[in-house]
Amino acid sequence: MTPSPSPGRRARPAEQPGSPPPAAPRRGARKLGTLAYTDPAPGESAAPGTAPAAATGGPERRAPAEHGDAAEKRSRRPAPAEPARPRPKAAKPSRPAKSPAPTAPAEDAAPPAAAGDAAPPAEAAGAAEPPTPAPPAPPTPDPAAPPAPEPGPAALSAEDRRRLLDGTHHEPHAVLGAHPVAEGLCFRTLRPFARAVTVLTEGAEGAEYPLDDDGEGFFSGLLPLRSVPGYRLRIDYPDGAHEVHDAYGFLPALGEFDLHLIGEGRHEELWKALGAEPMVHQQVAGTRFTVWAPHARGIRVTGSFNYWDGTGFPMRSLGSTGVWELFVPGVREGELYKFEITRPDGSKTLRADPMARRTEVPPATASIVDVSRHEWQDADWLGRRGTIPVHEAPFSVYELHLASWRPGLTYRQLAEQLPAYVKDLGFTHVELMPVAEHPFGGSWGYQVTGFYAPTSRMGTPDDFKFLVDALHRAGIGVLMDWVPAHFPRDDWALAEFDGRPLYEHEDPARAAHPDWGTLEFDYGRKEVRNFLVANAVYWCQEFHIDGLRVDAVASMLYLDYSREEGEWSPNEHGGRENLDAVAFLQEMNATVYRRVPGVVTVAEESTAWDGVTRATHHTGPGGFGGLGFGLKWNMGWMHDSLGYMQHEPVHRKFHHHEMTFSMVYAYSENYVLPISHDEVVHGKRSLVSKMPGDWWQQRAGDRAYLGFMWAHPGKQLLFMGQEFAQGAEWSEGHGPDWWLLDPAYGAEPDHRGVRDLVRELNTVYRRELPLWQRDTDPAGFSWIAGDAAEDNVFAFFRHDAAGSPLLAVSNFSPVVREDYRLGVPEEIPAWQEILNTDEERFGGSGIPSTRGPAKPEPHPAHGRPASIGLTLPPLATVWLRPA
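Now the structure itself:
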């Protein structure tokens, strides 16, 4: 906030209930001569410790708006005098003492306290977030105020005053607070709008020392003390007074080891070091604010606790790390805040915290001080997770957009409905489209501004944890879309955060994403890489997320992605690979798998990059180690198979290879077969609407395709609404068309039949080991009939680890094929149908593939001496197992 000049004392708004009665300000002592500031002598500070802020007067949010004026240089008035004499205080309980802040960060600063030690919250963590109130009007000047006083003998130099008022002081703790000097203790504070400030020393001989009013909100005084006692400040305003701890009487609340790790770009729990951390520091409850902004000339904390005026709350720079820190006593959970940053050119910008763990509901943009109180109940799930590698386990995913699955529901309300629905359908996992905070709902969450905060549209972070917990207790894993490829340009978020490119690449051509109008991260900067790697760990560790689906990996890997010749520069080897992004993805995967065993990372990667799911320490033909992902979306299979299905059956024989080509590369990576949100929007039509023919044929083709998909090597992913054959495209505005399942709707049986099929597919899939146990092993698959193009038929075996087979056959023609011969092993005496997508209960014609067990007969077929004759229903998939 830009300061405005006002020469006299300032008035404050009406004091809130609970504040002590107003005390008459007392100037007390005569003016002293000019004092030269000296560094504290070793051993002169008292032992740390003060009473919590709740002792009297409550948190400092009771203060009024505190503006700083443009500093007017004044000379000190040299007039010899004596130190201020104390005024005896009324009897009060003694308070423990507290150490002053040194002139430089202490080498042995205590590590930050755990969040669980914080003061009681101002509001319950699980409560619904109230609307943000309009900030109160700034105080008006006291009409009875006398002319501005001249500065006292302990006043700041003109340069320090200017820097503090301009918000460009790197070390405010060196000039504010209490400091030993030759004549005693020099106290200084910046309290705009205060009429008087009194130092209240603690202990058995506590006393009151009124400070001199130096104008423009500055107060100072020389006290006849040899060492810094425990003390508080009583701030007097026209309407009352309150007591607070001095924010500039504390050692840094961020330890040296944290700073070292941040400087190295290796802090794997970065969220515990940066951001807003409620804590007890030197026996005082408050909140530590820290932010990384190496280019800033100065930073202030501003928020609801100081009426959005950070003049009196400048932060200190902690050396060469670029980290700024301030511990503010009395700030509790639920307070809103931002950082007021002075850019290198002197202009100011108000920014949300990049590390905020909670935010206001968009379009509001403030960060919120937050403490988690959720008690997890998913120990059994976490104990089982990872006992079997994901590649050798059933893995069937239901993808959904939380905000539109059931529009209007909160996280806790979703926890009552979503687990039961997904469990009933038999899916093993859900995949949530991006949950991290984003300002524009139409981005579906893929333009993130709050990487460490679940979107507040549906509740608090603890509410989201409650949803994850409920899914785990229902036996359902939780994957989450994660977007480290880019971020939006909003001027209150990450873009040019401290006045220069920071999170984005300094080269504008590298920074600008050509497709989405966003900015790409600078993966070569260690602090940015640390920000993202720690973020991946954060979601898995703090929210018990079971896996991350990394969005838009291809746009990260290639320097020429969506760029024409001349719009990009090659790497140091002359190639188009983004070596920094490769190193980042390798580090991210290695760190996540090491820190959170049992999770899986999934890449949405649409090119032929070699080794996406290869281990990072295994070098491939291109000279790179693998990227280290656990799974990769098979975009080629999705495009080819959907392309085949959209052709009329009479033309499908000319596109037969589109269904078989996927097996050429099926084992080059560990694949997921995705029918995702991207395939049912923007004119692409829903899955059932892609099928040609009338309504019956469309539903039959849809069912046959799902049966083929569940039998194909790879894991399955299906987007919401496709499980009951929704005919319309998805829209984030209204979500799935649940009314199609209303029994009063005439076509409800058609949609219910498809949903019943999906439930049956998942049930049989989980039971039959050949369908998932060797998904990444070529020995788990063999063709029976892969060249029956004229018939539109595909038949193949799946095998489990013991070699036991399952036979899958799909007929993508509308013709019933009688006595269709398929070569089978002679040693298996009979085959039994275990799934038929043409059953009447699914909405089909009810034609069975065999009446009773199908026994091999000595009729050679497909290179085998024996075969079985099956009836292939029209537009259907059939699964058989040895009887």
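All residue numbers for the sequence shown refer to my numbering, where the first residue is 1208 and numbers rise by one. In this text, a Cβ means the ideal position worked out from N, Cα and C, and glycines have one as well. Remember, predicted model here, so these are calculated numbers, not experimental data.
| Check | Outcome |
| --- | --- |
| What does the Cβ neighbour count give for residue 1769, buried or exposed, with the cut at 16 atoms within 10 Å? | exposed |
| Is it buried or exposed for residue 2022, if we count other Cβ within 10 angstroms and need 16 for buried? | exposed |
| Determine the closest residue to residue 1658 out of 1953, 1561, 1798, with distance taken between C-alpha atoms. | 1561 |
| To the nearest angstrom, how far is the alpha carbon of residue 2026 from that of residue 1999? | 16 angstroms |
| So within the stretch 1816-1841, which uninterrupted beta strand (DSSP E) runs reach at least 3 residues, ignoring any that extend past its ends? | 1838-1840 |
| Pick from 1555, 1580, 1524, 1520: whose alpha carbon is nearest that of residue 1540? | 1580 |
| In this structure, how does DSSP classify residue 1508 when only helix, strand and coil are distinguished? | strand |
| Under 7 angstroms between the Cβ atoms of residue 1162 and residue 1475? | Residue coverage of the chain in this structure runs from 1208 to 2090, which leaves residue 1162 outside it and unanswerable. |
| Can you have a look at residue 1389 and say buried or exposed, based on whether 16 or more other CB atoms are within 10 angstroms of its CB? | exposed |
| Roughly how many angstroms lie between the CA atoms of residue 1896 and residue 1734, to the nearest whole one? | 47 angstroms |
| Return helix, strand or coil for residue 1375, following the three-state DSSP convention. | coil |
| Are the stretch 1832-1849 and the stretch 1860-1879 touching by the rule of at least three beta carbon pairs closer than 8 angstroms? | yes |
| Between which two residues does the alpha helix (DSSP H) carrying residue 1612 extend? | 1609-1612 |
| Do you know whose CA, among 1668, 1967, 1432, lies nearest residue 1574's CA? | 1668 |
| Identify which residue in 1459, 1654, 1382, 1765 has its Cα closest to the Cα of residue 1497. | 1459 |
| Do you know how far the Cα of residue 1536 is from the Cα of residue 1795? | 36 angstroms |
| In chain order, what residues of the same chain lie with their CB nearer than 8 angstroms to the CB of residue 1527, ignoring the 5 residues before and after it? | 1470 |
| Does residue 1720 pass the burial test, meaning 16 or more other C-beta atoms within 10 Å, or should it be called exposed? | buried |
| Give the range of the beta strand (DSSP E) segment to which residue 1419 is assigned. | 1419-1422 |
| What is the DSSP secondary structure of residue 1294, reduced to helix, strand or coil? | Residue confidence is low: residue 1294 scores 49 on pLDDT, short of 50, so the model does not pin down where it sits. No coordinate-derived value is stated. |
| By Cβ distance, which residues of its chain are closer than 7 angstroms to residue 1697, with the 5 residues on each side in sequence left out? | 1646, 1656 |
| Just the Cα atoms here: how many angstroms apart are residue 1959 and residue 1708? | 53 angstroms |
| From 1726, 2003, 1663, 1987, pick the residue whose C-alpha is nearest to that of residue 1993; which is it? | 2003 |
| Sort out for me which residues DSSP pairs residue 1923 with in a bridge. | 1603, 1880 |
| For the stretch 1524-1588, list the beta strand (DSSP E) runs that are entirely contained and at least 3 residues long, ordered along the chain. | 1530-1536, 1543-1549, 1555-1558 |
| Give every residue of the same chain whose Cβ lies closer than 7 angstroms to the Cβ of residue 2039, excluding the five residues on either side of it in the sequence, and list them in chain order. | 2060, 2087, 2088, 2090 |
| Where are the alpha helix (DSSP H) runs, 4 residues long or more, that stay fully inside the stretch 1715-1785, in chain order? | 1715-1718, 1733-1749, 1760-1764 |
| Exposed or buried, residue 2030, counting other C-beta atoms within 10 Å across all chains shown (16 or more means buried)? | buried |
| Going by Cα to Cα distance, which pick from 1441, 1364, 1729, 1961 is closest to residue 1694? | 1729 |
| Go through its chain and collect everything with a Cβ distance to residue 1859's Cβ below 7 angstroms, but skip five positions before and after it. | 1851, 1999, 2019 |
| Would you decide whether residue 2043 is buried or exposed? Buried here means 16 or more other CB atoms lie within 10 Å of its CB. | buried |
| Closer than 8 angstroms by C-beta to residue 1630: which residues in its own chain qualify, once you throw out the five before and the five after it? Chain order, please. | 1681, 1682, 1683 |
| Can you check the stretch 1414-1487 for any beta strand (DSSP E) of at least 3 residues that lies completely inside it and give the ranges in chain order? | 1414-1417, 1419-1422, 1425-1430, 1438-1444, 1447-1451 |
| What's the gap between the Cα of residue 1702 and the Cα of residue 1727? | 10 angstroms |
| Could you compute how far the alpha carbon of residue 1898 sits from the alpha carbon of residue 1864? | 18 angstroms |
| Along the chain, which unbroken stretches of the beta strand (DSSP E) at least 3 residues long are found entirely within the stretch 2017-2044? | 2024-2031, 2038-2043 |
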